[in-house]
Amino acid sequence: MTDSDLLGAWRRHAGACVLLDGFHALKHALRFGAEVPVAVTGDRAGALALAEELAPDLREALDALLAEVPRETYASLVPRPHPTAVAALAVRPAREAQLRALGHLPRTAPVVVLDQPRNLGNAGAVIRLAAGFGATGVVTTGPLDPWHPTVVRGGAGLHFATAVERLDVGDLPLGPVFALDPEGEDIRGLKLPDDALLAFGSERSGLSDELRARADHLVALPMRPQVSSYNLATSVAMTLYHWSATGGAVRAS
Ligand SMILES: C[S@@+](CC[C@H](N)C(=O)[O-])C[C@H]1O[C@@H](n2cnc3c(N)ncnc32)[C@H](O)[C@@H]1O
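Numbered per full-length UniProt numbering, the sequence shown spans residues 1 to 253.
What follows is the structure, given as C-alpha cells:
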C-alpha cells in the first residue's frame with residue numbers, strides 16, 4: 001500500500017474508530033479481540049523488536065498489520081507523538097453488544113459504576129483496573145464520555161477487555177448496588193457478591209442523590225479520621241482488590 005493509500009484508509013476509518021496511541025495500547029487491544037483496520041508506525045523495526053520482547057504472541061499479527069510511514073506522516077496522525085511511534089485505529093464495539101454484556105445474568109464479576117465522574121484520567125485508570133480484575137464492565141453516568149480519546153489513552157487499550165458504556169442511573173443493569181461512601185459500613189466485614197454493581201461518586205461531590213436512592217448498601221474503605229476521602233481510581237482499586245481477595249475470581253480471559 002502506498003503512503004497516500006494508507007492515509008486515505010486512516011481518514012476513512014478515523015470517524016468511526018478510536019485511536020490506539022502507542023505500541024502498548026495496540027498490543028492490549030489486539031489481545032482482547034479489537035478489530036483494527038489500520039495501524040502505522042514511524043519505526044517498524046523498533047516496533048517489531050518490541051513485539052519480540054514484550055508480545056511474542058502478537059509478533060506475526062503485528063508483522064502483517066503494521067505499515068511503515070515516514071515519521072512526519074506518523075506524527076501528523078496523532079495529537080502527540082508516542083515514544084514507540086505506533087498508532088492504530090480500532091472499531092468501537094457496538095453499544096447493543098456492550099449493553100448485552102453488562103446486563104447478562106448470572107454475572108460472574110462485578111460492574112463498576114462511576115457516578116458523574118469528571119476526570120478523564122481517572123476514568124481511564126478505572127477501565128484499566130476493571131480489565132485487570134476481569135470486571136464485567138465499567139458504566140459511567142453523566143456527561144463524561146468513557147470513550148473520549150483521553151480516557152482511551154489512560155486505559156492503555158484495555159477498553160476492549162471489558163464492556164464500557166455510558167448510562168442513566170435509571171437504566172443501570174440489574175444487580176445489588178454496593179455504593180462506596182466514607183459513611184458506609186466497613187468493607188472489611190463484607191463479601192462483595194460477583195453480581196454486584198460497585199458504585200463510586202464523583203471526584204467533587206461524591207454519590208448523587210439518584211445513585212444513593214438506587215443503592216442497596218453503603219460501603220466504606222478504611223480511612224483514619226481527619227482524612228476526607230481517597231482518590232476515585234484508588235477507591236476502585238481497593239474495592240476490586242477486596243472483591244478478589246475475598247473469593248471473587250479474576251477471569252483468565
Ligand atoms: C474523591 S471521592 C469524593 C469526595 C467528595 N468530596 C465527597 O464528598 O464524597 C470519590 C469517590 O471515591 C469513593 N471514596 C473515596 N474515599 C472513600 C472511602 N474512604 N470510603 C468509601 N468510598 C470512598 C467514593 O465513592 C467517593 O464518592
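No residue lacks a Cβ here, since even glycine has one placed at the ideal position from N, Cα and C. The model shown is predicted, which means the values in this text are computed figures rather than measured ones.
- Per the DSSP secondary-structure output, Ser202 pairs in a beta bridge with Gly206.
- For Ser205, the shortest C-beta to heavy atom distance toward ligand 1 is below 7 angstroms.
- For the segment 108-140, the continuous beta strand (DSSP E) assignments of 3+ residues that do not extend past its boundaries occur at 111-115, in sequence order.
- Each of Ser202, Ala179, Gly132 was checked against the Cα of Phe32, and the nearest Cα belongs to Gly132.
- Note: Leu89 is bridge-paired with Leu19, Val38 in the DSSP secondary-structure output.
- Note that the segment 188-199 touches the segment 103-117; at least 3 beta-carbon pairs, one per stretch, sit closer than 8 angstroms.
- Pro149 is the residue among Thr246, Leu158, Pro149 whose C-alpha sits nearest the C-alpha of Arg80.
- Per DSSP, Arg166 is one residue of the beta strand (DSSP E) stretching across 163-166.
- Counting the other CB atoms within 10 Å of its CB gives Glu165 a total of 16 or more, which places it among the buried residues.
- In summary, His104 is exposed, with fewer than 16 beta-carbon neighbours lying within 10 Å of its beta-carbon over all protein chains present.
- A residue is called buried when at least 16 other Cβ atoms come within 10 angstroms of its Cβ; Tyr241 does not meet this threshold and is exposed.
- Taken through DSSP and simplified to helix, strand or coil, Asp171 comes out as helix.
- For Gly184, the secondary structure class from DSSP, reduced to helix, strand or coil, is strand.
- Rounded to the nearest whole angstrom, the C-alpha separation of Arg11 and Ala39 is 12 angstroms.
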